[in-house]
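Visitor: Each residue of the sequence shown is one higher than the one before, starting from -9 at the first, in this note's numbering. Heads up, the beta-carbon is just placed ideally off N, CA and C, and yes, glycines get one too.
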Amino acid sequence: DAAMFGTAVRPERKKERPAARLQSLLTAFQGRVDGVRGVAIADKSGLPVSSSFTTRANVLTVTAMATMAIQSSQRVYQNLALAGPNEVVMVGPDSTVFVSSVAQGALSVIVVLEGFANLGLVRIEVERLSRELTEILGL
-9 DAAMFGTAVR PERKKERPAA RLQSLLTAFQ GRVDGVRGVA IADKSGLPVS SSFTTRANVL
51 TVTAMATMAI QSSQRVYQNL ALAGPNEVVM VGPDSTVFVS SVAQGALSVI VVLEGFANLG
111 LVRIEVERLS RELTEILGL
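1. Could you compute how far the alpha carbon of Glu117 sits from the alpha carbon of Gly82?
2. Going by beta carbon distance, what residues of the same chain come within less than 7 angstroms of Glu115, once the five residues before and after it are set aside?
3. Excluding the five sequence neighbours on either side, which residues of its own chain have a C-beta within less than 6 angstroms of the C-beta of Ser120, listed in chain order?
4. Mark Met(-6) as exposed unless 16 or more other C-beta atoms lie within 10 angstroms of its C-beta, in which case mark it buried.
5. Could you check whether Ser42 and Val29 sit closer than 8 angstroms to each other, using their CB atoms as the reference points?
6. Does the Cβ of Glu125 have 16 or more other Cβ atoms within 10 Å, making it buried, or fewer, making it exposed?
7. Distance, Cα to Cα, Pro8 vs Ala96?
8. With 16 as the cutoff for other CB atoms within 10 Å, does Ser98 come out buried or exposed?
9. Give the C-beta separation of Gly74 and Thr53 to the nearest angstrom, bearing in mind that I take them to be a contact with Cβ-Cβ under 8 angstroms.
10. Judging by CA-CA distance, which residue of Leu129, Gly128 and Asp84 is the nearest neighbour of Val26?
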């Protein structure tokens, strides 16, 4: 018995609290993609649900503004009578911000990247992260 010997037993992933599972997802994402400065998940109001940012960035401001960017881009497409988009990529001189709409707009995934990051890999990994998020949160 683990309790009798004073050792910790790692709970199965399904039994972990959702917040811990989300944090594990973000950590795993950063381990699979080179050049990630930070990744966050926001609700449709732009409020942070989970974040791995370790910089001084104000996560609330980042998630709110990035969510507004994806929502604004969707309105532009609607006004043009076009479908989409599900993602927005903002490229700066030494960094890139990638925002993806998840679960019919219920969530946004925001990834801040170094300029050298592979956007193809980022897209693949954000799709994977999105599937895992919808499972964990039951969306």
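Guide: The short version:
1. 23 angstroms
2. Phe19, Arg22 and Val23
3. Val92
4. Because Met(-6) sits at a pLDDT of 46, beneath the cut-off of 50, its placement in the model cannot be relied upon, and the following sentence gives the value as read from the coordinates. Answer is exposed; the Cβ neighbour count stays below 16.
5. Yes, the Cβ-Cβ distance between Val29 and Ser42 is below 8 angstroms.
6. exposed
7. 17 angstroms
8. buried
9. Actually they do not touch by this definition, with Cβ atoms about 21 angstroms apart.
10. Asp84
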